[in-house]
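Report on the following structure.
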Amino acid sequence: MQIISSISASKQLLSCVSAKISRIPAIPRVGPALLPGSVATIVKRRAALAGLEGDFGAHSLRSGFVTEAGRQGVPLPAVMAMTEHRSVTSVIGYFQAGAAEDNPAARLLK
Numbered sequence: 001m002q003i004i005s006s007i008s009a010s011k012q013l014l015s016c017v018s019a020k021i022s023r024i025p026a027i028p029r030v031g032p033a034l035l036p037g038s039v040a041t042i043v044k045r046r047a048a049l050a051g052l053e054g055d056f057g058a059h060s061l062r063s064g065f066v067t068e069a070g071r072q073g074v075p076l077p078a079v080m081a082m083t084e085h086r087s088v089t090s091v092i093g094y095f096q097a098g099a100a101e102d103n104p105a106a107r108l109l110k
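Numbered according to the UniProt record's numbering, the sequence shown spans residues 1 to 110.
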C-alpha cells in the first residue's frame, strides 16, 4: 500500500477523525458522524483525482503521518497521542522506513 507522506494533510485529517472533535467544546461538530467506510472512500477519491496510482485507503493517512513524524524526529509518545495508539508495537507497524523517499511524488514536497 502506498502512503501519503504529506504531514500537513495527514495530520489535518487524522486530527479530525482520531481526535473525536465532538468532545472538544471549542470546535462544535459540523455535520453527522462519518460512516465506517467514509474516510477510505474520501482518500480513494482524492487519490484518483490527484492522478495517483496505487492502493490508497484510510490507513494510508495513518501510515503517512507516522512515517513522516518518524522521519522528522517527532517523539513516539507525541505520535501515539495524535494517532491514539496504546501500543508501541501497533504504531511502529505503520512506519514505512524509506517508503516516502522512494516514492517519485515525494520530490513535490521538497
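Note that beta-carbon positions come from the ideal geometry of N, C-alpha and C, so glycine has one too.
Between residue 91 and residue 74, the gap from beta carbon to beta carbon reaches 8 Å or more.
If you draw a straight line from the Cα of residue 55 to the Cα of residue 97, it is about 18 Å long. Residue 79 carries a helical assignment under DSSP once its states are collapsed to helix, strand and coil. Annotated three-state conformation of residue 97 is coil, per DSSP. Pairing residue 60 with residue 88, the inter-Cα distance amounts to about 18 Å. With 16 or more neighbouring CB atoms inside 10 Å of its own CB, residue 70 falls in the buried class. Apart from sequence neighbours up to five positions away, the residues of its chain that approach residue 47 with a beta-carbon distance below 7 Å are 56, ordered along the chain. Rounded to whole angstroms, residue 52 and residue 45 show a C-alpha spacing of 10 Å. With fewer than 16 other beta carbons inside 10 angstroms of its own, residue 31 counts as exposed.
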